[in-house]
Amino acid sequence: MIFLGIVMINFGIGLIRKYSGTMRTGIAIGWVIFISGISTAFSIITKLVTILHTAQTIFNIFLVVSLFVTYLLFRVEIEVRKRNMLEILYDSISKSISNVAMFRFTQKGEKIYSNPLASKLFATVTNLYEFDKTLNEPEKFRSGVENALKTGKPSFLKLEINEREFISYIYPCKFNGENTVDIVILDSPELKEIENELKSAIENLKKQIDQQLNFFADMVHELKSPLTIIKGYTEMLESSATVDQERMLLSIHQAVDYQLSLINNLIEMSKIQTSKSELKIEKVDLSEIITDVSYQFIDISSKKGIKLEIEENKLPKEFYTDASKLKRILINLLDNAFKFTISGKIKISVSPHNGDVYFEVKDTGIGIKKEFLDRIFDRYSIEKGAMNRELNPSGTGIGLYLTRELVELLGGKIKLFSEYGKGTTVYFTIPNIKKEG
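Sequence positions in the sequence shown follow my numbering and run 1297 to 1733.
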């Protein structure tokens, strides 16, 4: 078609030349044939260019797709090489460790791999369920595998196999795109020996601590006897003493009371630490307990000019608890309240609360700083400050710690609220522990 266009152009040019200057019709026909030839050739060339452009576009797309496929194949080859290297490394490591048995199972339980020790110890195992049968506690193992596959996190278990104890780790992983589980079983006599040595060392340490605490308790008891005698003599002498002598005897009496209170706390604490603090549950008269405790603070209340109020609201007629421990709790709280209250009042409130009995000891003392409240029940915890040192120079930091321990021993809960400079409120609940039968 292009060739036809060229022939028509040449023919037209020939007619134009032949009739140039002689015959206008011939020239016109020549021009028409010439232009038609150009148009025909141009049309054919345009179509050819369009076809070539389309072919170029298709070629470019094919080139891009080919490059992308080549890149993917290259990445797949690298990934396969990596996996092969990792498998070789995994296999090499698992074979080189003499005291570790290693398995790999599919999620369906089919065995993919086992190292030499695993094959030796569990020769008959071809799937996860057969391995399961070799265990003394298969349920625990199954639970560990299910948990590892479900959460994607490794599990640690102690397994007993043929009356031997093994340490096992269960790792969830992927192999060839499939969820699998690796089981690593450590057979280490040295580890068992270390574990036994640690247990033995812990037992020896516990015995030493118990011996020290028992010695400590005995020494505290020895200190209590002479102080009780001194207290008895001061009470006898007070009846016939002069005013000055009475003042001195009162000071001795208060010092002895403080030391006896401290010793009683130390004795109780040593019993709790050695798990020898036993509960003596009996029917108690709560009003009588509160009266007995408050009576011990009459002298200090009068001396400091601090009013001691008692509020009782419909107390249960039958209440069972350990009277001596309840008294110790109240004595410790009132002792603290009087120490840190300069003026004002201290109030004891007791009332029933959801089957329990609710106690509250509230004072108008110096209060406790906010930053110290989180540590207030910690053992040996003493708030620093000039006012605290002045009001409680010989504080040991065991009163509130012991109080919390005793409340919890009786099955109750204790809380403390305080505002620095305004006062403190300690409240606790004690359940009604009825005798069995």
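A virtual CB, placed ideally from N, CA and C, is assigned to each residue, including glycine.
Practice task
Report the rounded CA-to-CA distance for residue 1502 versus residue 1532, giving the unit in angstroms.
Solution key: Position 206 of the sequence shown holds residue 1502. Position 236 of the sequence shown holds residue 1532. Going by the C-alpha atoms only, they are around 45 Å apart.
Practice task
Give me the Cα-Cα distance between residue 1610 and residue 1726, rounded to the nearest whole angstrom.
Solution key: Within the sequence shown, the letter at position 314 stands for residue 1610. Within the sequence shown, the letter at position 430 stands for residue 1726. Answer to the nearest angstrom: the Cα atoms are 15 Å apart.
Handout entry: Exposed unless 16 or more other CB atoms sit within 10 angstroms - verdict on residue 1657
Key = Position 361 of the sequence shown holds residue 1657. Its Cβ being crowded by 16 or more others within 10 Å, residue 1657 is buried.
Practice task
Tell me residue 1239's beta-bridge partners as DSSP assigns them.
Solution key: Shown here, the chain extends from 1297 to 1733; a query on residue 1239 therefore has no answer.
Handout entry: DSSP beta-bridge partners of residue 1652
Key = Start at 1 with the first residue of the sequence shown, and residue 1652 comes out as number 356. For residue 1652, which the question treats as bridged, DSSP gives the partners 1649.
Problem - Simplified DSSP state of residue 1669, which is helix, strand or coil - result: As a first step, residue 1669 must be located in the sequence shown, where it is residue number 373. Here residue 1669 sits in helix by DSSP.
Problem - Bridge partners - residue 1401, DSSP secondary structure assignment - result: Along the sequence shown, read from residue 1 onward, the residue named residue 1401 stands at position 105. In DSSP, residue 1401 forms a bridge with 1407 and 1477.
Problem - Inter-residue spacing [alpha-carbon to alpha-carbon] between residue 1702 and residue 1639 - result: By 1-based counting over the sequence shown, the position of residue 1702 is 406. By 1-based counting over the sequence shown, the position of residue 1639 is 343. Between residue 1702 and residue 1639, the C-alpha separation is close to 29 Å.
Exercise for the section: Would you mind reading off the limits of the beta strand (DSSP E) that contains residue 1710? Expected result: The residue given as residue 1710 occupies position 414 in the sequence shown. Residue 1710 -> beta strand (DSSP E) spans 1709-1715.
Problem - Cβ-Cβ separation, residue 1403 to residue 1431 (assumed contact under 8 Å), whole Å - result: To locate residue 1431, count along the sequence shown from 1; it is residue 135. To locate residue 1403, count along the sequence shown from 1; it is residue 107. About 19 Å; that fails the 8 Å criterion.
Problem - Start and end residues, beta strand (DSSP E) containing residue 1719 - result: Here residue 1719 corresponds to residue number 423 of the sequence shown, with the count starting at 1. Counting along the chain, the beta strand (DSSP E) containing residue 1719 begins and ends at 1719-1726.
Exercise for the section: Return helix, strand or coil for residue 1729, following the three-state DSSP convention. Expected result: What you label residue 1729 is simply residue 433 of the sequence shown in a count that begins at 1. Note: residue 1729 maps to coil in three-state DSSP.
Handout entry: Element boundaries [alpha helix (DSSP H), containing residue 1446]
Key = Working through the sequence shown from its first residue, we reach residue 1446 at position 150. From DSSP, the alpha helix (DSSP H) with residue 1446 extends over 1434-1447.
Practice task
Return the CA-CA distance between residue 1405 and residue 1495, expressed in angstroms with no decimal places.
Solution key: Stepping through the sequence shown from its first residue, residue 1405 is reached at position 109. Stepping through the sequence shown from its first residue, residue 1495 is reached at position 199. The straight-line gap from Cα to Cα measures roughly 37 Å.
Practice task
Within the same chain, show all residues whose beta-carbon is closer than 6 Å to that of residue 1665, passing over the 5 residues directly before and after it, in chain order.
Solution key: To locate residue 1665, count along the sequence shown from 1; it is residue 369. Around residue 1665: 1716.
Problem - Distance CB(residue 1617)-CB(residue 1580) smaller than 8 Å - result: Sequence index remark: in the sequence shown, residue 1617 carries index 321 (1-based). Sequence index remark: in the sequence shown, residue 1580 carries index 284 (1-based). Taking 8 Å as the Cβ cut-off, residue 1617 and residue 1580 qualify as a contacting pair.
Problem - Backbone secondary structure at residue 1617 - three-state DSSP - result: As a first step, residue 1617 is located in the sequence shown; it is residue number 321 there, counting from the start. It is a strand residue.
Problem - Reduced DSSP secondary structure (H/G/I, E/B, other) of residue 1659 - result: If you number the sequence shown from 1, residue 1659 lands on position 363. Looking at residue 1659 - three-state DSSP - the assignment turns out to be strand.
Exercise for the section: Within its chain, find whatever has a CB closer than 6 Å to the CB of residue 1385; leave out the 5 residues flanking it on each side and keep chain order. Expected result: In the sequence shown, the residue the question calls residue 1385 occupies position 89. Reliability of the predicted coordinates at residue 1385 is poor, the pLDDT of 46 falling under 50, and the value obtained from them is presented with this limitation in mind. Excluding positions up to five away in sequence, the list is empty.
Problem - Identified DSSP bridge partners for residue 1534 - result: Against the sequence shown, residue 1534 aligns to sequence position 238. Bridge partners of residue 1534: none, in fact.
Handout entry: Residues near residue 1659 in its chain [Cβ-Cβ closer than 6 Å; skip 5 each side]
Key = Here residue 1659 is taken as the residue at index 363 of the sequence shown, counted from 1. Correct list, in chain order: 1633, 1637, 1642, 1719 and 1720.
Practice task
Kindly give me the distance between the Cβ atoms of residue 1437 and residue 1455, rounded to whole angstroms, as I take these residues to be in contact under 8 Å.
Solution key: Translated into positions along the sequence shown, residue 1437 becomes position 141. Translated into positions along the sequence shown, residue 1455 becomes position 159. Their Cβ separation, rounded to whole angstroms, is 6 Å, which keeps residue 1437 and residue 1455 in contact under 8 Å.
Practice task
Decide if residue 1621 is buried, meaning its Cβ has at least 16 other Cβ atoms within 10 Å, or exposed.
Solution key: Stepping through the sequence shown from its first residue, residue 1621 is reached at position 325. Answer is buried; the Cβ neighbour count reaches 16.
Problem - Euclidean distance between Cα positions of residue 1613 and residue 1493 - result: Working through the sequence shown from its first residue, we reach residue 1613 at position 317. Working through the sequence shown from its first residue, we reach residue 1493 at position 197. If I take the Cα positions, the gap works out to 55 Å.
Practice task
Using 10 angstroms around the beta-carbon of residue 1358, count the other beta-carbons present and answer buried if the total reaches 16, otherwise exposed.
Solution key: Here residue 1358 corresponds to residue number 62 of the sequence shown, with the count starting at 1. With a pLDDT of 46 at residue 1358, under the threshold of 50, the predicted position of this residue should be treated as unreliable, though the coordinate-derived value follows. Answer is exposed; the Cβ neighbour count stays below 16.
Exercise for the section: Verify whether the separation of the beta carbon atoms of residue 1644 and residue 1672 is less than 8 Å. Expected result: The sequence position of residue 1644 within the sequence shown is 348, counting from 1. The sequence position of residue 1672 within the sequence shown is 376, counting from 1. No, the pair does not count as a contact, with Cβ atoms beyond the cut-off.
Handout entry: Cβ distance (whole Å) where residue 1723 is taken to contact residue 1655 below 8 Å
Key = On the sequence shown, position 427 is the one that residue 1723 refers to. On the sequence shown, position 359 is the one that residue 1655 refers to. About 7 Å separates the two Cβ atoms, so the contact holds.
Handout entry: Identified DSSP bridge partners for residue 1608
Key = Taking the sequence shown and counting its residues from 1, one reaches residue 1608 at position 312. According to DSSP, residue 1608 bridges with 1646.
Exercise for the section: Use the C-beta contact count for residue 1453: other C-beta atoms within 10 angstroms, 16 or more gives buried, fewer gives exposed. Expected result: Within the sequence shown, residue 1453 is the residue found at index 157, counting from 1. Buried is the call here.
Problem - Three-way DSSP call (helix, strand, coil) for residue 1576 in this model - result: Looking up residue 1576 in the sequence shown gives position 280. Residue state, collapsed to three classes: coil.
Problem - DSSP state of residue 1421 mapped onto helix, strand, coil - result: Taking the sequence shown and counting its residues from 1, one reaches residue 1421 at position 125. Residue 1421 falls in the coil class under three-state DSSP.
Handout entry: Cβ pair residue 1699, residue 1585 closer than 8 Å
Key = The residue given as residue 1699 occupies position 403 in the sequence shown. The residue given as residue 1585 occupies position 289 in the sequence shown. Going by C-beta atoms, residue 1699 is not nearer than 8 Å to residue 1585.
Handout entry: Length of the line joining the Cα atoms of residue 1355 and residue 1475
Key = For the purposes of this step, residue 1355 is taken as the residue at position 59 of the sequence shown. For the purposes of this step, residue 1475 is taken as the residue at position 179 of the sequence shown. For residue 1355, the predicted model reports a pLDDT of 49, less than 50, meaning its position is unreliable; a value from the coordinates is still stated below. Straight-line Cα distance between these residues: approximately 42 Å.
Handout entry: C-beta contact flag for residue 1582 and residue 1593 at 8 Å
Key = For the purposes of this step, residue 1582 is taken as residue 286 along the sequence shown, with counting starting at 1. For the purposes of this step, residue 1593 is taken as residue 297 along the sequence shown, with counting starting at 1. In this structure, residue 1593 does not lie closer than 8 Å to residue 1582 by Cβ.
Handout entry: Where residue 1706 sits in the DSSP three-state scheme
Key = Counting from one through the sequence shown, the residue named residue 1706 turns up at place 410. Of the three classes helix, strand and coil, the one that applies to residue 1706 here is coil, per DSSP.
Exercise for the section: Could you tell me how far apart the beta carbons of residue 1650 and residue 1695 are, in whole angstroms, since I believe they sit closer than 8 Å? Expected result: Residue mapping note: residue 1650 aligns to position 354 of the sequence shown, counting from 1. Residue mapping note: residue 1695 aligns to position 399 of the sequence shown, counting from 1. Contact doesn't hold; Cβ gap of about 28 Å is too wide.
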